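> Just so it is clear: in the sequence shown, position 113 is 113 by the UniProt record's numbering, and no numbers are missing.
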Amino acid sequence: MKNTYIEQVDEKWQEGFAKLVDVVESNLPEGFEENMYYDMISYVVPLSTYPKGYHCTPNTPLPFISLAAQKRHIAVYHMGIYADQALLSWFQEEYAKRVPTKLNMGKSCIRFTNTKNIPYDLIGELVSKMTPVQWITKYEGELNK
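Below, the structure is given as structure tokens:
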């Protein structure tokens, strides 16, 4: 499925997107599982690890990171930066230090409109900073607020 998705990515994004997938996969802590959700390559906490699953969609694994090639940008959806203010602040500060362009970001979505400006090393560090157990703990803490 992942390879089919990458093959269908617009040519202008394909090489950068494939590299981004490789960076995420090589830095993702053990315990996350690759899946296709919402027409994106997604990395989730499997139901075998977290049977409660995602509260918005019962019986679905807990989403963590999703990658998508859109018409106008490549998107990294990282639920950890949405839920963890310290992680978000760290990412924003590091991005400003390392990347000459302004950060284009929503609540959990980091958008790249030029593959030359994707900070692969920084994305790799971001991905490595939260294990499935840490993500579950943060997620449950946010749910119980």
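Using N, Cα and C, we set each Cβ at its ideal position, and we do this for glycine too. None of these values were measured; they are calculated from a predicted model.
#1: Tell me which residue opens and which closes the alpha helix (DSSP H) that Glu140 is part of.
#2: Quick one: grab the DSSP three-state call for Leu20.
#3: My understanding is that Asn27 touches Ser89, with C-beta atoms under 8 Å, so please give their C-beta distance in whole angstroms.
#4: At which residues does the beta strand (DSSP E) containing Ile65 begin and terminate?
#5: Using the Cα positions of Glu140 and Ser66, report the straight-line distance between them to the nearest angstrom.
#6: If you count every other CB in all the chains shown that lies within 10 Å of the CB of Leu143, and 16 or more means buried, which is it?
#7: His78 and Leu126 look like a contact to me (Cβ under 8 Å); what is the Cβ gap, rounded to whole Å?
#8: In this structure, how does DSSP classify Tyr54 when only helix, strand and coil are distinguished?
#9: Could you please give the first and the last residue of the uninterrupted beta strand (DSSP E) stretch that includes Ile41?
#10: Can you tell me whether DSSP reads Arg72 as helix, strand or coil?
#11: In the structure shown, what three-state DSSP assignment does Ile110 receive?
#12: Is there contact between the stretch 42-55 and the stretch 89-108, where contact requires at least three CB pairs shorter than 8 Å?
#13: State yes or no: is the C-beta of Cys24 within less than 8 Å of the C-beta of Ile123?
#14: In this structure, what does DSSP give as the bridge partners for residue 146?
Short version:
#1: Annotation for Glu140: the continuous alpha helix (DSSP H) segment containing it runs Pro132 to Leu143.
#2: In this structure, Leu20 counts as helix in the three-state DSSP scheme.
#3: Incorrect: roughly 20 Å between the Cβ atoms, too far for contact.
#4: Start and end: Leu62 to Ala69.
#5: Rounded to whole angstroms, Glu140 to Ser66 spans 20 Å at the Cα level.
#6: Classification for Leu143: exposed.
#7: Correct: roughly 7 Å between the Cβ atoms.
#8: Assigned with DSSP and collapsed to three states, Tyr54 falls in coil, not helix or strand.
#9: That run of the beta strand (DSSP E) goes Met40 to Val45.
#10: It is coil, neither helix nor strand.
#11: The answer is strand: DSSP assigns Ile110 an E or B state.
#12: Using a C-beta cut-off of 8 Å, the stretch 42-55 makes no contact with the stretch 89-108, since fewer than three inter-stretch Cβ pairs fall below that distance.
#13: Checking the sequence shown, residue 24 turns out to be Val, not Cys. In terms of Cβ geometry, Val24 and Ile123 form a close pair [threshold 8 Å].
#14: Residue 146 is absent from the model: the chain starts at 1 and stops at 145.
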